[in-house]
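Visitor: Residue numbers (the numbering used here), protein chains in the order written: chain A, 1 to 111; chain B, 1 to 113.
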Amino acid sequence: ELKVEQNPLFLSMQEGKNYTIYCNYSTTSDRLYWYRQDPGKSLESLFVLLSNGAVKQEGRLMASLDTKARLSTLHITAAVHDLSATYFCAVDIKGTYKYIFGTGTRLKVLA
Amino acid sequence: GAVVSQHPSWVICKSGTSVKIECRSLDFQATTMFWYRQFPKQSLMLMATSNEGSKATYEQGVEKDKFLINHASLTLSTLTVTSAHPEDSSFYICSVSGNTEAFFGQGTRLTVV
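(1) Got a sec? Which residues, its chain only, sit under 8 Å from Ser83/B by beta carbon, not counting five neighbours each side?
(2) Assuming Glu52/B is part of the beta strand (DSSP E), what are its boundary residues?
(3) Between the region 36-59 of chain A and chain B, which residues of the former have a C-beta closer than 8 Å to a C-beta of the latter?
(4) In angstroms, rounded to a whole number, what distance separates the CA positions of His75/A and Ala72/B?
(5) Whole angstroms is fine: what's the gap from Ser90/B's alpha carbon to Lys3/A's?
(6) Which same chain residues, not among the five before or five after Thr49/B, have their C-beta less than 7 Å away from its C-beta?
(7) Just list the beta strand (DSSP E) runs in the region 79-111 of chain A, keeping only unbroken ones of 3 residues or longer that don't cross its boundaries, in chain order.
(8) Phe10/A touches chain B at which residues, Cβ-Cβ below 8 Å?
(9) Nearest chain A C-beta to Ser18/B closer than 8 Å, yes or no?
(10) Taking the continuous beta strand (DSSP E) assigned at Gln6/A, which residues delimit it?
(11) Interface residues of chain B around Thr103/A at Cβ under 8 Å?
(12) Once you ignore the five residues that flank Leu9/A on each side, which residues in its own chain have a CB closer than 8 Å to its CB?
(13) Which residues in the same chain have their Cβ closer than 6 Å to the Cβ of Gly16/A, if we skip the five residues on either side of it in sequence?
(14) Apart from the five residues on each side of it in sequence, which residues of its chain come closer than 7 Å, Cβ to Cβ, to Ile12/B?
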């Protein structure tokens, strides 16, 4: 059974600080996705990581994928309040577009 | 990416009644769609795979007779929650597979009273 774990589950950080969210998964997969979810809303796609060693950056967020370690990271640089949201990683089941989502990380950036 | 539209965005129904949720792929023909459920402050859980022209495939623990899925065309899948109870109150989200990723609808908030 594929399991996807994120840590931390909750993260409260000061504006301007850096932090990393980790996503570990239990079986082989070459496709990993990061999403943002605001309260009461659906998912906003952040990053699509399709191969080992993939690194993508958008603004203050950078995501990477290590398929051998079965680990993805979402790094936040110089956090701002607008980044406050819940972040999910998701792993594709054998290229089927069926996703197993991580537990989620609720991020709160304090002004 | 594909545009996926869900309707309604929110619905309140009485316990024991049935509710239908629609998921439309507006610019992409989808032979497969997926339905997820998200309880408050939890992650998304895959419920079922909707297959155009054939029966849906349900994940373990999801009651197929309670959550009826119909995928009659390449652009529309429907999820009907039958005999809804308060414990079915949740956020239901559908997705459509694209070339390299799935695209998600805006979700439907179901409240059963």
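Backbone N, C-alpha and C fix where the C-beta goes; we use that ideal spot for every residue, glycine too. Note that the structure is a prediction, hence the values are computed from the model and not measured.
Guide: Judging by the given coordinates:
(1) Gly16, Thr17, Ser18, Lys66
(2) Run containing Glu52/B: none; DSSP gives neither H nor E here.
(3) Gly40, Lys41, Ser42, Leu43, Ser45, Val48, Leu50
(4) 42 Å
(5) 22 Å
(6) Thr32, Phe34, Ala56, Thr57
(7) 85-92, 99-101, 105-110
(8) Ordered by position in chain B, no residue passes the 8 Å Cβ test against Phe10/A, which lies about 11 Å from the chain.
(9) no
(10) 4-7
(11) Ser43
(12) Thr103, Gly104, Thr105, Arg106
(13) Ala78
(14) Thr111, Val113
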